[in-house]
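Those letters in the first sequence? Residues 10 to 534, per our numbering, in order.
See below for the structure under consideration.
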Amino acid sequence: MKNIVKSIIEKELNRSIVLERPKDKRFGHFATPVAFSMAKELRKSPMVIAEELSQELSNLPQFSKVEAVKGYINFYLSDDFLNSEADKFVNSDEVVSEKREKILLEFVSANPTGPLHIGHARGAVYGDTLLRVGRALGYQIDSEYYINDAGRQIELLGLSIYYAGVTNILNREMEEPEEYYRGDYIVDLAREAYREFGEDIFTKEDISKLSDWGKDKMMEEIKSNLSSIGIEFDNFVSEKSLYSNWETALERIRERGGAYEKDGKIWLKSTQFGDEKDRVVVRDNGMPTYLAGDIIYHMDKFERGYDRYINIWGADHHGYIKRVQSAIEFLGFDSKKLEILLTQMVALLKDGEPYKMSKRAGNFILMRDVVDEVGSDALRFIFASKRPDISLEFDISDLSKQDSSNPIYYINYAHARIHSLFRKSQYSKDEILAVQFSNLGEREKDLLFNSLRLLDILEETFNSRETQKLTDYLYSLASDFHSFYNTTPIIETPNEKLLLKLSWVVASSIRKGLKLLGIEAKERM
RNA sequence: GCGCUCGUAGCUCAGUUGGAUAGAGCAACGGUUUGCGGUGCCGUAGGUCAGGAGUUCGAAUCUCUUCGGGCGCGCCA
10 MKNIVKSIIE KELNRSIVLE RPKDKRFGHF ATPVAFSMAK ELRKSPMVIA
60 EELSQELSNL PQFSKVEAVK GYINFYLSDD FLNSEADKFV NSDEVVSEKR
110 EKILLEFVSA NPTGPLHIGH ARGAVYGDTL LRVGRALGYQ IDSEYYINDA
160 GRQIELLGLS IYYAGVTNIL NREMEEPEEY YRGDYIVDLA REAYREFGED
210 IFTKEDISKL SDWGKDKMME EIKSNLSSIG IEFDNFVSEK SLYSNWETAL
260 ERIRERGGAY EKDGKIWLKS TQFGDEKDRV VVRDNGMPTY LAGDIIYHMD
310 KFERGYDRYI NIWGADHHGY IKRVQSAIEF LGFDSKKLEI LLTQMVALLK
360 DGEPYKMSKR AGNFILMRDV VDEVGSDALR FIFASKRPDI SLEFDISDLS
410 KQDSSNPIYY INYAHARIHS LFRKSQYSKD EILAVQFSNL GEREKDLLFN
460 SLRLLDILEE TFNSRETQKL TDYLYSLASD FHSFYNTTPI IETPNEKLLL
510 KLSWVVASSI RKGLKLLGIE AKERM
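Okay, here's the thing in structure tokens:
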């Protein structure tokens, strides 16, 4: 709606403007400070300019009033314009329209060496919410999960299952490995391997077999964790499957002078793009490092020809950004097409006690446990409602409260109330939606206007990559509705159809908004 | 030490990308129903936007600086 209004004004004035929504509604639905920036070039006071421009704009049919106040120009939308916007809004489930950029969105990409923990869940919710909102706006987005299925951590997985099998299942003595994964899930895996293969599987020779088998089991577990909160990926890309491209990638980097040999190792000249030091990509034993895998993967991504690439990483990887960017440049691609978004840690408390999350130690909080306790909706809403780049702390016991301190209940309650009104009314939905708005009171008009802002909010949400803008909006819309509901009789009043249509616009906005958060709006509670 | 990042009400967080008097929720206190769902609504109280300097018509927002927190600083992944 904002973009529509903006372009109408810009066309009339023949210049680009800043259009904003005033904090105080006494200043109209929209306002522009354009007169301030024109003051210098016209050598006139902003007040005078605003006065002149408001005269010029006041005959546009979209506005019922245009007025100049202290240099600002304030716009009030007309009933005709709001009616046509409302009808467009309730008659279509699609949010938008034209096709936009092709984007590859990579997120989660947790190592397949354990189930997802609560920190992964934050990245998962953040990525999936951006995905849904972006798609609703017409971006063509593919989602992707990168599986680190090569390298030491996979060996360790096999070793860990082996160790657990020998000591916990066969009950034999064995020297404790220097490094291995702990945690109940490892013992569960060993037990399952025992059932499937018998006790002969727990031999040193079969560790790599246990690695592969365990990795597949873990990927199943991860996929099931994700699907429990409504997340499905378009692609899974295996690191291992890309390794045959390593020689090609290295050759391309060499051609551009991005790699050199020193001390028997091969280094990436990442300092050329602002990294603190050059990085080893091949060790002196000939084994590529972890960075090599990322280089091949990003080459693969860029060869697929998207307009933009978005990676969501845990904040502990931020030191990695420069390396990957420099590799992309050395491969001959534009690293500006890659956008790396970081999600900060989640610090969990339980009954006031801090919970450490360390995968190695095995005492991390499983995403599955939290979902079981509070449900997918509450978890998704809480993560989506916090800026991803801020470290978040909450007490898991608060999350399980099922009362008004949980915003998702508050929003659903508004939605359910509206459906309840429709069940009570003698009119059919078609009769109600056929009404046109006229002579709305101030409060009703504000509510209508706010409901119709969903699309503007989605644009802001996606452009800023900040999903909390959407949750904040839905909360405040629900609050506006509750307030309206409490002061305004609806059923069996002369205005019943009109007020029900207004309520329906509110409900549509809530339903569409929640859906983009991966939450189904409730019609009864 | 260096790099990234954050610092807004007692707590958890917003703040429309530089706009008009900085806002919510929780917690606290007070009020509200012979009405459509009281899981609601209305109100009170709570602030040196970490401190300082700068940029301009205008700064919580941009720049510099000081202080404080988190994370990173492997030839681990």
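All C-beta atoms, glycine included, are put in the ideal place defined by N, C-alpha and C.
(request) Could you check the C-alpha separation between His-327 and Val-117 for me, to the nearest Å? (result) Whole-angstrom Cα-Cα distance: 15 Å.
(message) What does the Cβ neighbour count give for Lys-365, buried or exposed, with the cut at 16 atoms within 10 Å?
(response) Caution applies to Lys-365, whose pLDDT of 48 falls short of 50 and renders its modelled position unreliable; the model cannot decide the point.
(request) Confirm, please, whether the CB-CB distance from Gly-136 to Ile-321 is below 8 Å. (result) Yes, Cβ-Cβ distance for Ile-321 and Gly-136 is below 8 Å.
(request) Pick helix, strand or coil for Gly-267, following the three-state DSSP scheme. (result) The three-state reading of DSSP puts Gly-267 in coil, since its state is none of H, G, I, E or B.
(message) Mapping the DSSP letters down to three states, classify Asn-83 as helix, strand or coil.
(response) Asn-83: strand per DSSP, three-state reduction.
(message) Cutting at 8 Å between CB atoms, please list the residues of its own chain near Leu-430, excluding the five before and the five after it.
(response) Cβ neighbours of Leu-430 beyond the five flanking positions: Ile-499, Ile-500, Leu-509 and Ser-512.
(request) Report the three-state DSSP secondary structure of Ala-487 (helix, strand or coil). (result) Helix, per DSSP.
(request) Since I believe Tyr-484 is in contact with Ile-420 (beta carbons under 8 Å), could you give me their beta-carbon distance rounded to a whole number of angstroms? (result) Right, the Cβ-Cβ distance comes to about 6 Å (below 8 Å), so this counts as a contact.
(message) Distance check for Tyr-436 and Asn-459, CA to CA, integer angstroms please.
(response) Their backbone Cα atoms lie some 25 Å apart in a straight line.
(request) Rounded to whole angstroms, what's the CA-CA distance from Phe-39 to Met-10? Just pull it up for me. (result) Phe-39 and Met-10 have their alpha carbons spaced roughly 10 Å apart.
(request) Could you have a look at Phe-342 and say whether DSSP puts it in helix, strand or coil? (result) In this structure, DSSP gives Phe-342 a state outside helix and strand, which the three-state scheme calls coil.
(request) Go ahead and pull the three-state DSSP assignment for Val-514. (result) Looking at Val-514 - three-state DSSP - the assignment turns out to be helix.
(request) Evaluate Thr-122 with the Cβ neighbour count: other Cβ atoms within 10 Å of its Cβ, from every protein chain shown; 16 or more gives buried, anything less gives exposed. (result) Of the other Cβ atoms in all chains shown, 16 or more fall within 10 Å of the Cβ of Thr-122; this residue is therefore buried.
(message) Would Ala-44 and Leu-62 qualify as a contact pair, given that the criterion is a beta-carbon distance under 8 Å?
(response) A contact, by the Cβ cut-off of 8 Å.
(request) State yes or no: is the C-beta of Pro-124 nearer than 7 Å to some heavy atom of the ligand FAD? (result) The ligand content of the structure shown is nil, which means the ligand FAD is not present either.
(request) Inspect the beta-carbon positions of Val-246 and Tyr-318 and report whether they are closer than 8 Å. (result) Against a cut-off of 8 Å, the Cβ pair of Tyr-318 and Val-246 comes out as no contact.
(request) For the beta strand (DSSP E) containing Ala-77, list its first residue and its last residue. (result) Residues 72-78.
(message) Assuming the contact rule is C-beta atoms closer than 8 Å, Ile-112 and Val-379 should be a hit. Round their C-beta distance to whole Å, please.
(response) The pair is not a contact, with the Cβ atoms about 29 Å apart (cut-off 8 Å).
(request) In angstroms with no decimal places, state the Cα-to-Cα distance between Asn-180 and Ala-119. (result) Taking the Cα positions, Asn-180 is about 32 Å away from Ala-119.
(request) Have a look at Ile-26 and Ile-17 and give me their C-alpha separation to the nearest angstrom. (result) Per the coordinates, the alpha-carbon of Ile-26 lies some 11 Å from the alpha-carbon of Ile-17.
(message) Under 8 Å, with one C-beta from each stretch per pair, do the segment 331-350 and the segment 267-283 reach the 3-pair mark?
(response) Touching, yes, given that three or more Cβ pairs across the two stretches are closer than 8 Å.
(message) Check whether the segment 234-252 and the segment 149-158 are in contact - that is, three or more C-beta pairs closer than 8 Å.
(response) Remark: three or more beta-carbon pairs, one from each stretch, lie closer than 8 Å, so the segment 234-252 and the segment 149-158 are flagged as touching.
(request) Run the CB neighbour count on Thr-476, radius 10 Å, all protein chains shown included, and call it buried at 16 or more, exposed below. (result) Around the Cβ of Thr-476, a 10 Å sphere holds 16 or more other Cβ atoms; the residue is buried.
(message) My assumption, with CB atoms under 8 Å, is that Ser-220 sits in contact with Ile-163. Please give the rounded CB distance.
(response) About 5 Å separates the two Cβ atoms, so the contact holds.
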